[in-house]
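Undergrad:
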Amino acid sequence: MNKPASVPEQFDVVVAGAGFSGLYMLYRLRQLGLSVKVLESAGDVGGTWYWNRYPGARCDIPTTDYTYSFDPELEKEWTWSEKYATQPEILEYLRFVADRHGLRSDIEFSATVTSARWDEPEKRWRITTDGGQEIRCRYYIMATGCLSMPKSPDIEGAGRFAGQVYFTSRWPHEGVDLTGQRVAVIGTGSSGIQSIPLIARQARRLTVFQRTPNFSIPAHNGPAPADRLERLAEDRDEYRDAARWSRGGVPIDPTDILGGTASEAVRRERFEAAWAQGELFGILNVFADQGVNPAANDIVAEMIREKIRSIVTDPGIAEALCPKDHYFGTKRPCLDTGYFETYDLPHVQLVDLRKQPIVSITEEGIETADESFGFDAIVYATGFDAMTGALVAADAAGRDGVSLKEKWAAGPSTYLGLMTTGFPNFFMLTGPGSPSVLSNMTVSIEQHVDWVAGCLENMRDEGLETIEPTALAEAGWNQHVQDCAAITLHPTANSWYMGANVPGKPRVFLPYIGGVNAYRQACDEVAAQGYLGFRLTGPGEDRCRDGVIRRMQPDVAMVLEFMAAAGMPPLETLSAADARALLAVTAEARPPGPEVGEVTDGVIPGPSGHLPYRLYRPAGPSEGLRPLVMYFHGGGWVLGNLDSDDPLCRDLCARSGAVVVSVNYRHAPEVRFPAAALDAFAAVQWADANAIELGGIPGQLAVAGWSAGANVAAVACQLARGAEGPHISGQLLVCPVVDSDMTRPSYTENGDGYILTTALMRWFWDHYADPADRGDPRAAPLHGNLEGLPEACIVTADFDPLRDEGVAYARALEAAGVPVRLVRARGHTHTSVTMVGVVISGAPVRAEIGEALGDFFPAP
Ligand code: FAD
Ligand code: NAP
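Here you go:
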């Protein structure tokens, strides 16, 4: 019952929403002894499971896992009847939880929050409901759901239809009898795919309007999976903990089998097992790389299409039902019971809106470009304004009166998906930037609620009044969320994860795809570091430990974890020979790098004997000359060879369109300073003299190198500047060594833990040059005369001890009048940008490098 407006009620906390999130939040806040009011639009608890009562509505995460874990007694008292429980059973469960813990007394039903305003002097939120109630509270927690705001029908004439209109997301509580009726269903997402087979059982004629065909696998519903039940019976706590630290919130064994390299037999076996199992995270785990590698994804997608073709008798209908416009998993895959089989029924018709779009809804039915259909009922299964819809609609305005809608006009911005700058004491459960909809949501919800409860407890104990994220922390998290998405295939799809289903909604990847485990770890670290990235205030208190919790590219972090787990010995503890042997073994396991037109090996005359080289010619016509790039590999003057940098050379060649010649200079400790630099210079001179034979345009010669290779490339430019030449058009220096000074901050920050360590750098220098020689410009080009050098592209990586000397070289070159393009490899280490085919986030950096290389030369 809504109360008339009078003196505002006061609570410590107001929670909006009484679904899985709001109920558990209330339970935890009560435990802290805080006064709480929960406001809920619906007439009862349940959230999603209160509203979505359409026929066939079920969960798609096994209910052994889609369940609360905070109350062991509750787990004993409640037994799920099926692998995937129905909506009525899940709703019954949530009612049971509410009653068991007496939660209803703090919940006001049929009360929608219509506005919330932050009162800065009072340090309180003023909450208003649709019943005109005003409530004041210190903390405002939105548990309003990711999939709770139905999308309004964005179809011409939607209000005109004279028959019955139903939304799957607002299905009438008394049920609907469609017996003998002509029914239209618009939408073939999860809601459509679950309801269509059951609507077909009643309807006299069912017409399905499909805009995008969806991937769906059979749910194989039945008793709960025996393996999961066994594990739960054996050790429930261990099982729940495994879920909490899993990627998706359901314990599975992540595969390391790659789609690209697995045999046909293995591919088939893994796919068939996942198809037979009927679990979302099973079919998403056929191959380790299916979410990032188009070729691996295609294998799974094609096998699903084969299944559809084998189920649906009419080949034309089967083909129309086969998804082809998005990668598998980039839109939420569905679990169904007899969905594709339904299209074999004589009274069921599929209308492919890609071929005949809806022109208008009319009084009698639906008119497409080709046909007019008459209906008694239209069912909209058209989805939600996901993740931001309910948050924005509740009209919260923060410190400066700026509303969430205004702040998020270009897309949501949050810290950890939990809070947003400008909105003190305002929390979101499963907000944008959290794993939420990509995970088993019950696990994610419990984690959020526990974190928020822990935060409020800490504030109470420390006598603090307000908490708010800093702009730096929030920007850093948003970047991390997008970085995680960018290495996957997800951003390519027009999905609701991207906001693409709602006309006019900004195209931003909304959830956090880094995993439930990675997210939990980040949240825990933030709290453990004294709430890193938050400003906390209280009487006489204003504290803020500002910072960014995740700056490293996610795939770079994975490589580091993998290497740490592999237990490789630090190179500096090995002899040069052993270090070379170890690197040769790891190089064998790498992806080969992109195809190029031609690769040939040869030798060139060096100052003291021949030097091997490898030439990469771009694809395209074999005749015709190209710009020429002399490339020098990395490896601290000690390690590396033509094979070590082969994938990178292929990549540079493919991206720049230049002929790339990689030269193997002499190595230390066998031959020490300045041999490597002199070899590089000799190679450049030789290339200039033999440009045409190499396929190069005379006079269009650049040098390039990575690490120590960039060192000798930079030195070659300095040596070539004299009368002898040759003319060099540009120098590409990727993470160059340009100085032997190890006191710059990047050594302090990154000297340990990022593959190239301070100890390893010392080992390299000791092998290469006597201390007395290390200031010589042929060892440390930063100390040379930089005037008149070729224009430069310098790449520096955030987590590289050499970062600051690269920047110093760029600045010094600029000061000497040399044009410089400084490329920052954000979130990368010294080595990661060069890991072609392994570190996906390196690709945009290499694209920029390729462009810079091309810019050294006149346009063709
Ligand atoms: P919700 O359950 O959405 O609850 C939010 C509540 O907030 C609603 O009751 C709403 O009325 C209320 N509310 C919103 N705005 C206001 C306001 N301004 N004032 C007051 N009250 C407000 N997830 C899974 O992990 N596995 C599944 O199998 C699964 N199946 C799903 C099936 C369907 C049909 C749908 C739609 C979603 C499914 N989900 C599933 C996602 C599901 O939303 C979550 O699992 C979970 O139920 C979300 O709980 P919640 O409490 O965060 O939000
Ligand atoms: P959805 O996945 O967004 O699907 C909506 C469908 O409607 C899509 O096929 C969409 O086509 C179509 N559509 C939207 N607007 C249209 C228009 N103007 N004209 C024609 N077609 C239109 O929504 P949903 O099915 O409700 O599912 C949303 C999410 O809720 C799911 O992804 C899932 O996370 C959750 N859910 C889970 C279950 C479960 O199995 N447990 C069940 C239901 C929902 P386009 O694809 O072309 O946009």
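This note's numbering applies: residue 2 is where the sequence shown begins, and numbers increase by one. Backbone N, C-alpha and C define an ideal beta-carbon position, used for all residues, glycine too.
Are the CB atoms of residue 108 and residue 50 within a distance shorter than 8 Å?
TA: As a first step, residue 50 must be located in the sequence shown, where it is residue number 49. As a first step, residue 108 must be located in the sequence shown, where it is residue number 107. Taking 8 Å as the Cβ cut-off, residue 50 and residue 108 do not qualify as a contacting pair.
Undergrad: Does the ligand GTP have a heavy atom nearer than 7 Å to the CB of residue 23?
TA: Questions concerning the ligand GTP fall outside what the structure shown contains, since the ligands it does hold are the ligand FAD and the ligand NAP.
Undergrad: Just how far apart, CA to CA, sit residue 2 and residue 226?
TA: Counted from its first residue, the sequence shown places residue 2 at position 1. Counted from its first residue, the sequence shown places residue 226 at position 225. Because the pLDDT of residue 2 is 44, which lies under 50, any placement of that residue in the model is unreliable, and the number read from its coordinates should be weighed accordingly. Going from the Cα of residue 2 to the Cα of residue 226 covers about 43 Å.
Undergrad: Could you check if residue 740 is buried or exposed, using at least 16 other CB atoms within 10 Å of its CB as the buried criterion?
TA: As a position in the sequence shown, residue 740 is number 739, starting the count at 1. It is buried - the Cβ of residue 740 has at least 16 other Cβ atoms within 10 Å.
Undergrad: Which residue marks the beginning of the alpha helix (DSSP H) containing residue 228, and which one marks its end?
TA: Position 227 of the sequence shown, counted from the start, is the residue given in the question as residue 228. Here the alpha helix (DSSP H) through residue 228 covers 227-235.
Undergrad: Could you check how far apart the C-beta atoms of residue 737 and residue 810 are, in whole angstroms? I think they sit under 8 Å.
TA: What you label residue 737 is simply residue 736 of the sequence shown in a count that begins at 1. What you label residue 810 is simply residue 809 of the sequence shown in a count that begins at 1. Contact flag correct, Cβ pair sits at about 7 Å.
Undergrad: Suppose contacts are defined by Cβ-Cβ distances below 8 Å. Is residue 504 in contact with residue 155 by that definition?
TA: On the sequence shown, residue 504 is found 503 positions in, with the first residue counted as 1. On the sequence shown, residue 155 is found 154 positions in, with the first residue counted as 1. Cβ distance < 8 Å, so residue 504 and residue 155 count as in contact.
Undergrad: Tell whether a beta-carbon distance below 8 Å holds between residue 194 and residue 26.
TA: By 1-based counting over the sequence shown, the position of residue 194 is 193. By 1-based counting over the sequence shown, the position of residue 26 is 25. Contact: no.
Undergrad: Return the residue from the list 604, 798, 436, 392 that minimises the CA-CA distance to residue 245.
TA: On the sequence shown, position 244 is the one that residue 245 refers to. Comparing Cα positions, the closest option is 436.
Undergrad: Taking the beta strand (DSSP E) that residue 734 belongs to, which residues open and close that run?
TA: Stepping through the sequence shown from its first residue, residue 734 is reached at position 733. It spans 731-735 - the beta strand (DSSP E) in which residue 734 sits, taken as one unbroken run.
Undergrad: Thinking just about the alpha-carbon of each residue, which of 659, 23, 566 is nearest to the one in residue 105?
TA: Numbered from 1 along the sequence shown, position 104 holds the residue referred to as residue 105. Residue 105 has its Cα closest to that of 23, out of 659, 23, 566.
Undergrad: Report the CB separation of residue 614 from residue 597 in whole angstroms; it is logged as a contact under 8 Å.
TA: Here residue 614 refers to the residue found at position 613 when the sequence shown is read from its first residue. Here residue 597 refers to the residue found at position 596 when the sequence shown is read from its first residue. Between residue 597 and residue 614 the Cβ distance is about 15 Å, and since that is not below 8 Å, they are no contact.
Undergrad: Would you give the residue range spanned by the alpha helix (DSSP H) that residue 469 belongs to?
TA: As a working note, residue 469 is residue 468 in the sequence shown. Unbroken run through residue 469 is the beta strand (DSSP E), 467-470; no alpha helix (DSSP H).
Undergrad: From residue 382 to residue 353, what does the alpha carbon distance come to, in whole angstroms?
TA: One-based indexing of the sequence shown puts residue 382 at position 381. One-based indexing of the sequence shown puts residue 353 at position 352. Whole-angstrom Cα-Cα distance: 16 Å.
Undergrad: With DSSP run on the structure shown, which of helix, strand or coil describes residue 569?
TA: As a first step, residue 569 must be located in the sequence shown, where it is residue number 568. Three-state result, residue 569: coil.
Undergrad: So does the region 712-720 actually touch the region 644-655, counting three or more Cβ pairs closer than 8 Å?
TA: Contact between the region 712-720 and the region 644-655 is absent, because fewer than three Cβ pairs lie under 8 Å.
Undergrad: Should residue 98 be counted as a contact of the ligand NAP given a C-beta to heavy atom distance under 7 Å?
TA: The residue given as residue 98 occupies position 97 in the sequence shown. No; taking the cut-off as 7 Å, the Cβ of residue 98 has no heavy atom of the ligand NAP nearer than that.
Undergrad: Tell me residue 219's beta-bridge partners as DSSP assigns them.
TA: Counted from its first residue, the sequence shown places residue 219 at position 218. DSSP output for residue 219 lists 337 as bridge partner(s).
Undergrad: Counting beta carbon pairs with one atom in the region 293-304 and one in the region 251-267, are three or more of them shorter than 8 Å?
TA: The answer is yes - the region 293-304 touches the region 251-267, with three or more Cβ pairs under 8 Å.
Undergrad: For residue 98, name the three-state secondary structure that DSSP assigns.
TA: Along the sequence shown, one-based indexing puts residue 98 at 97. In the structure shown, residue 98 sits in a helix (DSSP, three-state: H, G or I).
Undergrad: What is the rounded straight-line gap between the Cα of residue 658 and the Cα of residue 858?
TA: The count along the sequence shown starts at 1 and reaches residue 658 at position 657. The count along the sequence shown starts at 1 and reaches residue 858 at position 857. Cα-Cα distance, rounded: 11 Å.
Undergrad: Report yes if the C-beta distance between residue 1 and residue 533 is below 8 Å; otherwise report no.
TA: Look at the range of the chain in this structure, 2 to 861, and you will see that residue 1 is not part of it.
Undergrad: DSSP three-state call for residue 55: helix, strand or coil?
TA: Mapped onto the sequence shown, residue 55 falls at position 54. Note: residue 55 maps to coil in three-state DSSP.
Undergrad: Taking all protein chains shown into account, do 16 or more other C-beta atoms lie within 10 angstroms of the C-beta of residue 306, making it buried, or fewer, making it exposed?
TA: For the purposes of this step, residue 306 is identified with residue 305 of the sequence shown, where counting begins at 1. That one is buried.
Undergrad: Answer yes or no: the CB of residue 191 versus the heavy atoms of the ligand NAP, is any distance below 7 Å?
TA: Here residue 191 is taken as the residue at index 190 of the sequence shown, counted from 1. Indeed, a heavy atom of the ligand NAP lies less than 7 Å from the Cβ.
Undergrad: Closest by CA to residue 761, which one among 706, 638, 723?
TA: The count along the sequence shown starts at 1 and reaches residue 761 at position 760. Minimum Cα distance to residue 761 is reached at 638.
Undergrad: Going by DSSP in three states, residue 749 sits in which element: helix, strand or coil?
TA: Looking up residue 749 in the sequence shown gives position 748. Reduced to three states, the DSSP call for residue 749 is helix.
Undergrad: Say yes only if the C-beta of residue 391 is nearer than 7 Å to one or more non-hydrogen atoms of the ligand NAP, and no if none qualify.
TA: For the purposes of this step, residue 391 is taken as the residue at position 390 of the sequence shown. Incorrect: residue 391 has no Cβ contact closer than 7 Å to the ligand NAP.
Undergrad: Can you tell me whether DSSP reads residue 135 as helix, strand or coil?
TA: Counted from its first residue, the sequence shown places residue 135 at position 134. Residue 135 falls in the strand class under three-state DSSP.
Undergrad: In three-state terms, what does DSSP make of residue 456?
TA: Taking the sequence shown and counting its residues from 1, the one referred to as residue 456 is at position 455. Correct three-state label for residue 456: helix.
Undergrad: Please report the straight-line C-alpha distance between residue 6 and residue 136, rounded to a whole angstrom.
TA: For the purposes of this step, residue 6 is taken as the residue at position 5 of the sequence shown. For the purposes of this step, residue 136 is taken as the residue at position 135 of the sequence shown. Confidence in residue 6 is poor, its pLDDT being 49 and thus under 50, which makes the residue's placement too unreliable to answer from.
Undergrad: Tell me which same chain residues have a C-beta within less than 6 Å of the C-beta of residue 335, skipping the five on either side of it?
TA: As a position in the sequence shown, residue 335 is number 334, starting the count at 1. Closer than 6 Å at Cβ, skipping near neighbours: 191, 194, 215, 217.
Undergrad: Can you give the Cα-Cα distance for residue 4 and residue 113, rounded to whole angstroms?
TA: Within the sequence shown, the letter at position 3 stands for residue 4. Within the sequence shown, the letter at position 112 stands for residue 113. Reliability fails at residue 4, whose pLDDT of 48 lies under 50, so the model's placement of it is uncertain and the value that follows must be treated cautiously. Looking at the two C-alpha atoms, the distance is approximately 12 Å.
Undergrad: Note the first and the last residue of the continuous beta strand (DSSP E) segment covering residue 507.
TA: Position 506 of the sequence shown, counted from the start, is the residue given in the question as residue 507. First-last for residue 507: undefined, no H or E at that position.
Undergrad: Using the Cα positions of residue 364 and residue 164, report the straight-line distance between them to the nearest angstrom.
TA: One-based indexing of the sequence shown puts residue 364 at position 363. One-based indexing of the sequence shown puts residue 164 at position 163. In a straight line, the C-alpha of residue 364 is about 8 Å away from that of residue 164.
Undergrad: Can you tell me the Cα-Cα spacing of residue 78 and residue 211, whole angstroms?
TA: The residue labelled residue 78 in the question sits at position 77 within the sequence shown. The residue labelled residue 211 in the question sits at position 210 within the sequence shown. Cα to Cα, residue 78 sits roughly 42 Å from residue 211.
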